[in-house]
Structures are given as C-alpha cells and as structure tokens.
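Chains as they are written, first to last, in the numbering used here: chain A, 155 to 544; chain B, 155 to 544; chain C, 656 to 937; chain D, 656 to 937. Virtual Cβ for every residue (Gly too), placed ideally from N, Cα, C. Being a predicted model, the structure only gives us computed values, none of them experimental.
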Amino acid sequence: MMAATTRPPSSATTPKASQAAYRQQPAIASGATAASASRHTDHASSGNAISLKGLAKRFGDTDVFANIDADIAHGEFITLLGPSGCGKSTLLRAIAGLTSLNAGQILVGDTDITHLPPQRRGVGMVFQHYALFPNMKVADNVAFGLRMQKVPSDERARRVDEVLRLVEMQDQAHKFPHQLSGGQCQRVALARSLVVEPRVLLMDEPLSALDARIRKHLRDQIREIQTSLGLTTLFVTHDQEEAMLMSDRVFLMHQGRILQQDSAEAIYTRPRDENAAGFMGHYCLLDAVEAAPLLGYRSKAGRVALRPEALYLSVAGMPLGGEHPERVGPGVHGVVRRHRLLGNIVRYDIDCAGVSLTVDTLNRSARTLLPQGQQVTVHVDLDEVQELDT
Amino acid sequence: MMAATTRPPSSATTPKASQAAYRQQPAIASGATAASASRHTDHASSGNAISLKGLAKRFGDTDVFANIDADIAHGEFITLLGPSGCGKSTLLRAIAGLTSLNAGQILVGDTDITHLPPQRRGVGMVFQHYALFPNMKVADNVAFGLRMQKVPSDERARRVDEVLRLVEMQDQAHKFPHQLSGGQCQRVALARSLVVEPRVLLMDEPLSALDARIRKHLRDQIREIQTSLGLTTLFVTHDQEEAMLMSDRVFLMHQGRILQQDSAEAIYTRPRDENAAGFMGHYCLLDAVEAAPLLGYRSKAGRVALRPEALYLSVAGMPLGGEHPERVGPGVHGVVRRHRLLGNIVRYDIDCAGVSLTVDTLNRSARTLLPQGQQVTVHVDLDEVQELDT
Amino acid sequence: MAHADTMPAHKSPTAASLSATFNPYSWVVGGVFAVLALPLVATLGYALATRWGATLTPDGLTLAWFIELWTTPRFLAAFARSLFIAVGALALSLALVLPVALLAHTRYPRLDRWMNTLILMPFAVPPVVSSVGLLQLYAGGPLALVGTPWILIPTYFTIVLPFMYRAIANSLRAVDVQSLMDAAQLLGAGPVKAFFLVVLPNLRGGVQIAVFLSFSFLVGEFVFANMLVGTRFETLQVYLNNMRGASGHFTSALVITLFVFTLILTWLGNRQAEHTITEAAR
Amino acid sequence: MAHADTMPAHKSPTAASLSATFNPYSWVVGGVFAVLALPLVATLGYALATRWGATLTPDGLTLAWFIELWTTPRFLAAFARSLFIAVGALALSLALVLPVALLAHTRYPRLDRWMNTLILMPFAVPPVVSSVGLLQLYAGGPLALVGTPWILIPTYFTIVLPFMYRAIANSLRAVDVQSLMDAAQLLGAGPVKAFFLVVLPNLRGGVQIAVFLSFSFLVGEFVFANMLVGTRFETLQVYLNNMRGASGHFTSALVITLFVFTLILTWLGNRQAEHTITEAAR
C-alpha cells in the first residue's frame, strides 16, 4: 500500500525516465494504493535506490565524516552501525537534507538530490524522540504530509486509516501524542513517514528511547513492514543486536568512515580489521606469536581474531558440546579461570598458552558447567579464524 | 578500607553487642582504615546483614509491594530484578528510609531501623541519575558524608583520596560534576557512598543512564570493589544480563512480590512459575498436551517451560552441536521456519508437532547454518524441562 | 504546553499518600488566595454598595455606579485609547521577538545568551527613571514625540520586550523546535509553513500568557502614560487617577470593569487559541 | 544553575558553522541594545551637562548636579525609606515563598498547580486598580494602615510574590531537589542542613535574579507609594515625582544615581553568592 507506488512497474531503465518518475512523485497517483502487497523485488532491475558518492562533512577543523561511498539497492534495509560520535546520525541528516555537505553527491534513483531542500527530496525520516507534532492528534500528524501534497480529503482519510492499520494504531487515531506511550509514539511517527510513500526511509535510532520489551516488538514490526512494502531503508543504531537482526546489509562506521559494508553475518564473522572486530561481538584479539600454538602455524597477518563461540573445549579428551570442525587447530592445554553465566550463554575465561581466551558455550545444563581450575583443551576452527591487517 | 570496619573483628554474637556496635558506627574509629584489604568473610558467622520482615507499602488502593520477606547475608550482592513498575525501586527507597512503610520491619544486623530517619540508618545509596551536588567539586561531594560525621579534616582528606583512588577518579578531584561524563559521575557517586563506610550499599539502577560500553566496564568495577570490601549490596535493575553477571543472589520481583529468591543460575534455569519464566530468557511455554510428544509423557503440571538452548537439533540423524544429554526425550520431527543471527547465537524458529519452538545454537560457523525449510529432529533434555504451577 | 501539563509529576508514593491523608497545602492556597483576593472583593463590594459606612457589610446593592460609568463618554474614550496603545505595543513586540527568539534558539545559541543579558536592562531602570530619560530623548529634534500618544507605543514596547522574550524563549525550550521543524520539512512543508503549522501552535501557552500579562500590565500602566503624555491623551489609568477625587463607589466600579474586561479577554484568547489548533489539525 | 549554564547547547554542526561565517545576530543585539540604552545615555548626558539646549551634544560637563543631589537631606531620607521598605518586603516574601515552593515541588505537586494560577492574579489586577482596593481594605477597623508606611510592606509583598514564586519554582525544577535531598540525608545530613548545604546553593542563580529584579522594581515603584502613603512617607519615586518641576539636570542626576546604585547592588550580590559557594564547598 505504501511507498514506491509512483514508480512505473518496469521502472526507469534510462536516467531520463527515472528522473521524470521522481519529479512526478509528489503528485501521488490516486490509484497507487491499489497495487498493494508484495512489491519487494519490483525494482531490483532499476539500479540503485541511493548512491552516495564521496560525501564529506567538516565541522570546524574536524571531519564528522569523509569519503562516504555506498550504493544501496531498491528495497534494501541498511543499518549504519557504530559507536556514538562516529558520524552516523550526521550522515543520515545529510541525506535528509537537514545538514549541508562539504563535498560529495547524493543520488536517489538517478536524480541528484544533493542540493534539494529537505521538503523536495522525497525522503521520509523517523527520529529518535518521535518529533510528533504535539498540537495535532494522531490522525492529523499522519495526515500532515498528505495535506502538504494537497491530497483530497477523502483520499487522505483513506490513506491515513490504511497506514494506521499497518502500524496497529487505528484505535488511537483521535488521541494526542502526549496520551501515548513511547512505543505508540514511534509507531505514529513511522506511519507519518510511510503515508507519503517516500522513496527512501531514514530512521535515526528510532528504538533507543524505548524500553527493552517494546524495542524488540517494534523492531520486528518495522522490519516486517519494511519488507512487505519493499521500502529502501537506512537505519541508524549503536546496538549490535538490532543491526544483526534487522539488516540486509550493515555499514559499520568508525570515526567518520565506513569500515565495512557487508551482510550482518559477514560483518560479524569476518570483520575486516581490528576496529571492526573490536566493535562486533567479543573477539579475542591475539598477535601472530600468541596465536601460533592455537593455529599450529605462524600467521602472516599482524593480528588474529578468534570468535569466543568458534573455540572448542574438550575435557579429558571428550569434546564439550559435541562435534569438532573439519579443519581444526592443535589442541592446547588451558585452565578455566572463571565462568560467567550470561543467560543462554556460559562465557569461560581460560588461561591458555600464556594468553587469556574467552570461550562461549551454550548454557545447556548446570551439570555441564566447568568449575574454576578445570583442566581443558582448546581447539580452534581454522575456517573461522580471522587474520586482520593492522 | 571501606565498610564494616567499625564492627569488632569477631562481631556480635549476642543481639546486645551487635546493637551496640551499630550505634557506635557513626563515630568512626580513626584507625579503621588501617585494617584494609580482604575482609570478605569477616562476618560470615554474625547472622544476617539485613532482614526484611513482611514489608508492605500501599499507595492509595494499590499495593506497591507486599509480603516482602528476605534475609541477606554479610557481603552478599543481591539484585532486585523485575520489569518497571514492579515495586523494586520503592522497596529500595523504603530500606533507605526515603519512603515510609505501611507494615513490616527492617533489621540491619540486629538493629531495627524501620523507624529511623535516613540519616541515621548507616545505609549508602547510589542513584540512577547520580544526584551529585552540583555546587561542590568532586572531592567535596565525596567529603560531604565525612563532614556530616565531623571527621577531622586531615583524616577526611586521606579517606577521600583513598576512595577516589578506588574508583579511579583521583585525577578529577577538583572538577565540578557538570564537567564529568555520566560514567565518571556515577563513579563519584559510588565513592561518595563508600567513603562513609555504610553497613549496606543500595544501588538504584546505577547503570541504566550510561551507554553500553561504559555500563559493562562500570558493572565489572562495581562488582570488584564490592567483593574486595565485602560490602552487603542491594542492586536494583531491570536488565537480566546485569543481574546474572553481578549477583550472588537475584530477587525476581513481579507486581510487588518477590517471585523467587535464588542464585542467578537457579533463577535462570529453574524459574518457579510462568511469570518468572516469562521474564527470564526466551523460554518456550507449552501446555501439557503440546509438550507431550517432546517429553514422551503427559506432564502433570499445567505448563511446561523449555529453554531454547536446552533443545537439541539433529539433521538426518546427525546431532547438531554434538553430544546428547543423558535423559533425552523422544525425537520429534520439525521444519526450520526461519533463523535469526543474534551474534554468538543463532536462533531458530522451528515448527514442530503443531507448536512453534525457539532453539538457540552457537553461531559456530556459517557452514553449519540450517536453511529455511530444513527438516530436523528436535530432542528435549528431560533434566532441563521446567514444569510450572499455574 | 499541553504535554508538559498533563505529564504526571513523577513523585515518590510517600508524597502522594501523605497528601491524601492531610493537606497542609490547602491552608497555604487558602491563605495566599485570601491575601490576593481580599482587595478585589472589597472593591467589588464597594462598587455594588449604595452606601458602605462603618458597618462590616454594605447597606444595599445597586448597579447605579456601573451604569453611570458606562455612560460616561470620557471613560469610553480613555478605554479605547488604552486598548489602542496596548495592542499596538504588543503587536510590535510579537513581530520582533518571535523571529529573534526562534533564530536564537535554533541557529545562534550565543544570541540567546546576549538577549538574556539585554532584557534585564529595563528591569534595572525603573519606569520613572527611564521616563525621565525618554522625555529627554524624545523631547527635541527628529524624535519630537513628547506629548503625542505615539511616544507610548515604543515606550511600552521597550517595557514588554524582556517579558515577551523570556516567555517565548522558555516555550521554545519546552518544545523541541529543531526536530519539529525537521519533521515538518521532510513531510513537504517549507520552513515558513512549518513554523506556522507546527511550531507556533505549540508555543501557544507560553506566548498567550505573555501576551495576556503584558496586556493587562499595559492597560494598567500609569507612570509612563502620566509623565509622557499626561492629560493630553488620557488613558484608562490616567483617567482613573484623575477621578480619584470622585466617589469611591464610582472608582470601584471602574476598577471592577477593568478587571472583568481583562478576564473576558483572557477567556476569549484561550478559546480562540484552542479553536485555531483544532482547525489546524483538521 | 551552574550546571545548566555550562552545558554545551546541543546543536547541529550546520548552525554553529554558519554562525562562524556570518553573524546576523550581532546586528540584532546591537539594535536591541541601542533601543534599551538610548534613554539611559541621554539621561547621563543630561546629568553631566552644564547646559544642553538644541544642540546634539551637551555644552559642558559638570558634577554639580550630583553634588547638589547628594547633599540634599530630603533625597537621602527618601532613599533610606525606599531601601527599608524594599528590603522588608523582599525578606518577607523570601521567608514565605522558599518553603512553600520547596514543599510544592517535593511533596505536593497539586500545590504547585494552585500557586501557578494564584500568582497570576496580581498581574490581572493592575497596580492602580488594586491600590484602590487596598485603600478600601486598610482604611478602617483593625487594619487601619492607610497613610502609614507599614501599608507598603504587605502591598509590595503581594506584588513581588508571583515573580519570586515563579523564579524559585523554575530554579527548583532545574535542580533535582528530591534526589539531592535524599542523597544528602543518606550521607547523614538532617533535612534542614541538607536544604541549606545542598539545595539552596544550587538555587542561587534563580533566586538572586528574582531578588535583584524585585528589588529594583520596588525601589522604582511609584503608584502604590504615592496613592497609599503619599507625601507623608516620601519614597524615592515619590520624591522624584515631586521634583519633576525642578531642573531636568537635577532629576537626571537622581536617575543616574539610582541606576548606578542598583548596578552596584547586583554586582555585590553576585560576588557574595559566588563567595558563599566557594566557602561551602571547602
């Protein structure tokens, strides 16, 4: 029902056509909502939804970000993941047109929007603190964008109702924002962005002001809606789990640069460098000398990263947690220094060949817990070892 | 250096003596800090540090909490864990004397403090939003409690310096609170509570205003300091991981009641009822009929709770993740509906005998990932099945 | 505004449960109310009394004083003049202060700090003091406004400025203006439209109170009016002062009229503001 | 206070970088400053001029007018009276408002709502209006205060009350009073000690500005002083008004004296407050 409906079905193969389609967008075709449901892959063939080319932003002498290059496909869900201060939110605001750039070019479809004001970019945005209009009821908040587009009132009412249904807020249409909980506010904010059928949806830490339970629910709901609408989405977060669960691809940002653009799985299991490994998971970072006994060879790379859950423990020759990997490193003797119960995971700190290793195992049963001082053998899955440049 | 030093070494075997020792506390012995380091088990024999007897608190018609009974040993780290609104913070404030009780009795040692004003309870408290005095520098904030006790200025300076070293804030002594980061503020607040050597330390969600990285660091630091001082601590949180990692025991609270008092491990693996299971981890809750095929028998309990990490998957007869438990339920055929990568965990949703099960496995390698639609067999570890009262 | 008002104050249960059992604050409220209302009640009694001598209660009730007042052309003229001057000064200050406060809040934080210092100045210079200064300033040359009613509008503007600025700046702080503007712009509104549709309505409460208070202050202002223009342009207060010699009942009726007038004005302002918002949201 | 002031305003980089390149706000500040300062500058010129006729600048400079003023016993007496009345009213209002505001903030949120409504009343009733009411009230019986200076202290108290209450309530809101009190009590301070050591110093900014502004307002107040007591108790403003007939230079000197006096007072207040805090923190 939402988004992308104004682009012709076999959309824009030439720049001209796509551009024309984009310009046409604000005047939304009234029959648009008919072609509802699954348009997920409609635009797979029409090139990128967004291209970022050499974006740079300075604030005084410091680079907020620089050399941002990325291509995002239609319908992709991209997460900008990074610690606070890495420039991810500013990048999002620059794409929205809320912050000027010092260099670079932003293409949506094939249209250069770098110098368009925010209201003409066809971009929707959801803010961390909702930014609902306190003077308007839920329905009027959602209708705001349509009123700006001069959509006739009967169509407006229908589309507002539709989108409120989508975010399960149709019963709250006549409440004011201050009467809603945080999670409900964010749903309304989402509906408000969706109703104008933006070409791209930007979300700036939309879940971080909510409490854990609601965050999980809304996370799944956002992803579901995004998938069903085939809406190209950029989602900013500092939460690794959020990024892993929601994204088609993750852009890992660090100090104003994109360290790695990859699938969540690849970002997690194959970090490109030490910074990426430091931010994702709980990698044990060893240098080549320290790692040699575990690997059975001297790595050429400066640093070796081991995932705690890809290390294998054996007690008295019996593998703990069953089968071994195909390509396994030599067993190295170690001692359990302590264990911590993280819920479904038991995390062991193991002193092993002069280094301290972290090993994660499933918390299957209290009977299988290894006591402090237990002698173990540690094996490495050689296929899961990451050799990092330094 | 901190806490408990005023109690005589072979403390209070009779109520009288203990009471006397408590009364004596505000006038701190000047040699107290000499007997520093590890006094962890000094008071193991002297009964409970705190006893809560039938505490109840009403607010209008609703019970904030009721029937709170608990005994806390010397040096124990207790976490009050529960969702927001379960009464845990109010309980903490009642123990501190900041909120009156409708019924019950609070003993510290053997002294009844139920009706003492907060300033005479010998209880320290750390607040969620630090509550540092903005008009005073760090050192003066920390010295405040000592000044109230009329500790001579040279001893005061020494003890302030000592405790600031303990929380690694000695370099910031001359800054004002507004010049510090959140994590630094909370360290100062901790130092301020510790310096007066309270008999009990109360912490009201001290980490929840901090960001993830600092939270983890400070969490470990708090636990370390608490252990080295042997300080009886009550820690309020809504974060399950925090509770699991820090506590000697967890009090799981729900709607103003303590559902379960147990070690973190027991709370996690053996929840007493459905509410406890619902709050901890990601238990699959099945009724007896649904669970029967997995268990191989019809449970007498109304509900059966299965931990996702205590379920075992096999593909074509080969156990995934190795060995099986001793007492294993019958294998039941299922189909992978989807998987989610949570980092070190892969969470499968499996349709199995008419119910949807969640199964957690270690994210050991991308090669071992089960695709959607994969046929699997699910086994249950019968020793890890929780049969709940309803 | 509405938001802040309806947000439940986060208080510990003790406080609330205590207040349920005994209410010392009702005494405080009662006391303050009495202190503030007593003069008004006495005035009302006087205005309605046929005669009120040494007794505790008036001798009889009448509307004669009011009727006499409302049929006096001199009173009506003074009333109109006061209204004109007050509305003029307020319009001028709103038109200037709103954009400056908005800029200070969203773009130039340093401007806000400067303004906060500047607006203290008129407070530091009491009315009689500055009226002397103003007389000197406007007495000769190109600014020969003394004695004309026009001198009052810039003067009142100066007086009202600080109050208006603080009230509006506080309202802006309570609303997350930047985000609201951003959100409205991304939904297709230009900056001006965004301001009027999304920011201004949410400043309503603060601006309204500022305007109301300023208005009632200006209508009641006497010192400047008397010193700068005097009897040549008799405003309500100057008229009231000149009528001091007249019957106490008559002046009381005048006072009550003035009071009821400002009350009605406020009520209308409130209603209008609510109406506007409902409309805008439709 | 200190906290709120030094917290860097969280702004988007655009805004700050824009303001670095061009500064429209310096124009605004300049303009406002000019509007506010012009009367004062003109007055100063007049006070220092031997003669100032139709020319743009004064003819010559002299301190004669000041010396004449400072040696007039009637002026000094009026000054002392004004000070006494203002200090009395402020002390009374501080003693009453501080505890009420604290209670309203920490214990009885409903009291705060009531107070916020109540304190608007004196605004709605302009000075001349309520002075008529007060005259009626205090004219007879047990409260026969009319014509005595004592009538001014309760009157001024009523006027200053709303302003003081709002200023203090705002300061309380900016500080998390409840937590500070809790923390101090758990560290061994009684409630009174906690209030003076931990809460009051952090209200400094707000309370100080309120006191300063109220003070300068009271010293400058004319309407009540004139109507309620008149020449029998000549305050500074009544004196100034009575001297209107005298030389403009003389009154200008008076005005400047008054202004400099309030400035010095503020400066002293500031210094003292800072000193107190440094001491308390030692």
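So is residue i buried or exposed if we call it buried at 16+ other beta carbons inside 10 Å?
{"i": "Ile919/C", "result": "exposed"}
{"i": "Ile204/A", "result": "buried"}
{"i": "Gln526/B", "result": "exposed"}
{"i": "Leu703/D", "result": "buried"}
{"i": "Leu413/A", "result": "buried"}
{"i": "Gly278/B", "result": "buried"}
{"i": "Arg245/B", "result": "Contrary to the premise, residue 245/B reads as Leu rather than Arg in this sequence. The residue is buried, with at least 16 neighbouring Cβ atoms inside 10 Å."}
{"i": "Asn498/A", "result": "buried"}
{"i": "Asn517/A", "result": "buried"}
{"i": "Gly241/A", "result": "buried"}
Give the single residue among the options whose Cα lies nearest to the Cα of residue i.
{"i": "Gly258/B", "options": "Gly384/B, Gly236/B, Asp223/B and Thr531/B", "result": "Asp223/B"}
{"i": "Pro447/A", "options": "Phe287/A, Gly485/A, Glu428/A and Glu480/A", "result": "Gly485/A"}
{"i": "Leu747/D", "options": "Thr912/D, Val866/D, Val915/D and Phe916/D", "result": "Val866/D"}
{"i": "Phe433/B", "options": "Asp505/B, Ala343/B and Ala397/B", "result": "Ala397/B"}
{"i": "Leu909/C", "options": "Ile823/C, Glu723/C, Arg887/C and Ala838/C", "result": "Glu723/C"}
{"i": "Phe872/C", "options": "Ala741/C, Arg729/C and Ala697/C", "result": "Ala741/C"}
{"i": "Val299/B", "options": "Tyr284/B, Ser254/B and Ala345/B", "result": "For the record, residue 299/B in the displayed sequence is Gly; it is not Val. Gly299/B has its Cα closest to that of Ala345/B, out of Tyr284/B, Ser254/B and Ala345/B."}
{"i": "Asp215/B", "options": "Asn256/B, Arg353/B and Ala327/B", "result": "Asn256/B"}
{"i": "Phe721/D", "options": "Phe812/D, Pro846/D and Tyr701/D", "result": "Tyr701/D"}
{"i": "Leu355/B", "options": "Arg369/B, Ala343/B and Thr386/B", "result": "Thr386/B"}
{"i": "Asn429/A", "options": "Phe219/A, Pro237/A and Ala250/A", "result": "Pro237/A"}
{"i": "Ser826/C", "options": "Val342/A, Pro288/A and Asp294/A", "result": "Pro288/A"}
{"i": "Cys506/A", "options": "Val530/A, Gly483/A and Lys207/A", "result": "Val530/A"}
{"i": "Gln833/C", "options": "Val862/C, Phe870/C and Ala759/C", "result": "Ala759/C"}
Specify the secondary structure class of residue i as computed by DSSP and reduced to three states.
{"i": "Asp537/B", "result": "helix"}
{"i": "Ser834/D", "result": "helix"}
{"i": "Val856/D", "result": "It should be pointed out that residue 856/D corresponds to Pro in this sequence rather than to Val. Helix at Pro856/D."}
{"i": "Ala824/C", "result": "helix"}
{"i": "Val292/A", "result": "helix"}
{"i": "Asp264/B", "result": "coil"}
{"i": "Gly743/C", "result": "helix"}
{"i": "Ala224/B", "result": "strand"}
{"i": "His269/A", "result": "coil"}
{"i": "Phe96/A", "result": "Outside the displayed range of chain A (155 to 544) lies residue 96/A, so it cannot be described from this structure."}
{"i": "Ala844/C", "result": "coil"}
{"i": "Asn964/C", "result": "Since the displayed chain C opens at 656 and closes at 937, residue 964/C lies outside it and no answer follows."}
{"i": "Asp215/A", "result": "coil"}
{"i": "Tyr502/B", "result": "strand"}
{"i": "Ser869/C", "result": "helix"}
Note down, in chain order, every chain C residue with its Cβ under 7 Å from the Cβ of residue i.
{"i": "Gly299/A", "result": "Leu842 and Gly843"}
Quick one: which chain B residues come within Cβ less than 9 Å of residue i?
{"i": "Leu835/D", "result": "Ala285, Leu286, Phe287 and Pro288"}
Could you name the residues of chain A that residue i contacts, counting a contact when the two beta carbons are closer than 7 Å?
{"i": "Glu419/B", "result": "Leu495 and Ala520"}
{"i": "Met398/B", "result": "Leu495, Leu496 and Gly497"}
{"i": "Pro764/C", "result": "By Cβ distance, chain A contributes nothing, its closest Cβ being about 15 Å from Pro764/C, past 7 Å."}
Just to make sure I have the definition right: I need the residues of chain D whose C-beta is within less than 7 Å of the C-beta of residue i. Which are they?
{"i": "Arg353/B", "result": "Those within 7 Å of Arg353/B in chain D number zero; the least Cβ separation is about 12 Å."}
Whose Cβ in chain D lies nearer than 8 Å to the Cβ of residue i?
{"i": "Pro272/B", "result": "Asp837, Gln840 and Leu841"}
So which residues of chain D does residue i contact, with C-beta pairs closer than 9 Å?
{"i": "Arg346/B", "result": "Ala838 and Leu842"}
Query raised in the report: Could you give the uninterrupted runs of the beta strand (DSSP E) lying entirely in the region 312–373 of chain B, keeping only those of 3 residues or more?
Result: Within the region 312–373 of chain B, the beta strand (DSSP E) runs of at least 3 residues that lie entirely inside it are, in chain order, 354–358.
Query raised in the report: Which full runs of the alpha helix (DSSP H) of 4+ residues lie inside the region 380–419 of chain A, going along the chain?
Result: If we require 4 residues or more, the alpha helix (DSSP H) runs fully inside the region 380–419 of chain A come out as 394–400.
Query raised in the report: Which runs of the beta strand (DSSP E) spanning at least 3 residues fall entirely within the region 420–484 of chain B, listed in chain order?
Result: Whole beta strand (DSSP E) segments, 3+ residues: 438–441, 457–460 and 465–469.
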